[in-house]
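According to our numbering, the sequence shown holds residues 14 to 161 in order.
Beta carbons are placed, not taken as given, at the ideal position from N, Cα and C, and that holds for glycine.
Note that the coordinates shown come from a computational prediction; the quantities given were computed from them, not determined experimentally.
Report on one structure; see the data block that follows.
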Amino acid sequence: MQHNARDAGVVGLGDPWYDTVASGWGEDETGGGPRRARPPAAADVYAEVHGSAAFQEVRRRYRRFVFPAAALFLLWYLAYVVAATTAPGLMARPVVGALNVAMVAGLAQFATTFLLTWAYARHARLRRDRVALELRWVTQEMMRGHGR
14 MQHNARDAGV VGLGDPWYDT VASGWGEDET GGGPRRARPP AAADVYAEVH GSAAFQEVRR
74 RYRRFVFPAA ALFLLWYLAY VVAATTAPGL MARPVVGALN VAMVAGLAQF ATTFLLTWAY
134 ARHARLRRDR VALELRWVTQ EMMRGHGR
């Protein structure tokens, strides 16, 4: 006998991974068992975490890296564009063989993009990730109603 996908008589249609009674949610209020406190609203949790010193420190560290790095990169990009439009003779000057100043500067744009990406990832890993993960843990605990 072949299996027919439409034959639902043999296969259960419920989701075996989602058991509301086992998770504690959906239990009736009168059904004995311990009553769980409702977790706080997400807006309340966010407001509390947003005002914490740890969150402000993560934001400060982020801004201290990102704003100067973005400004320097934009200046470097604009310098390339301005040099290409105002000094075509300089940009056409050969460096090695068929490679000229414009090509070297253009390739340097790619190199600085990768360097900036690496520096950002390193900065995040060393200066922000640990504190941010701790904040995430605290936020999850608060959302579950366990508080601090």
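Go ahead and label residue 71 buried or exposed: buried means 16 or more other beta carbons lie within 10 angstroms of its beta carbon, across all protein chains shown. The residue given as residue 71 occupies position 58 in the sequence shown. Burial of residue 71 is indicated by the presence of at least 16 other C-beta atoms within 10 angstroms of its C-beta.
From the DSSP secondary-structure annotation, give me the bridge partner or partners of residue 107. Along the sequence shown, one-based indexing puts residue 107 at 94. For residue 107, which the question treats as bridged, DSSP gives the partners 113.
Measure how close the beta-carbons of residue 74 and residue 141 come, nearest whole angstrom, since I'm counting them as under 8 Å. The residue given as residue 74 occupies position 61 in the sequence shown. The residue given as residue 141 occupies position 128 in the sequence shown. Correct: roughly 5 Å between the Cβ atoms.
Does DSSP put residue 76 in a helix, a strand or coil? The residue given as residue 76 occupies position 63 in the sequence shown. Reduced to three states, the DSSP call for residue 76 is helix.
What is the DSSP secondary structure of residue 147, counted as helix, strand or coil? The residue labelled residue 147 in the question sits at position 134 within the sequence shown. Looking at residue 147 - three-state DSSP - the assignment turns out to be helix.
What three-state label does DSSP hand residue 158 in the structure shown? Taking the first residue of the sequence shown as 1, we reach residue 158 at position 145. If DSSP states are grouped into helix, strand and coil, residue 158 belongs with coil.
Between which residues of its own chain and residue 152 is the CB-CB distance below 7 Å, once the five residues before and five after are set aside? On the sequence shown, position 139 is the one that residue 152 refers to. These residues qualify, in order along the chain: 58, 62.
Enclosing alpha helix (DSSP H) for residue 55 [first to last residue]: Residue mapping note: residue 55 aligns to position 42 of the sequence shown, counting from 1. Residues 55 to 63.
Local conformation of residue 100 per DSSP, three classes: The residue labelled residue 100 in the question sits at position 87 within the sequence shown. Coil, per DSSP.
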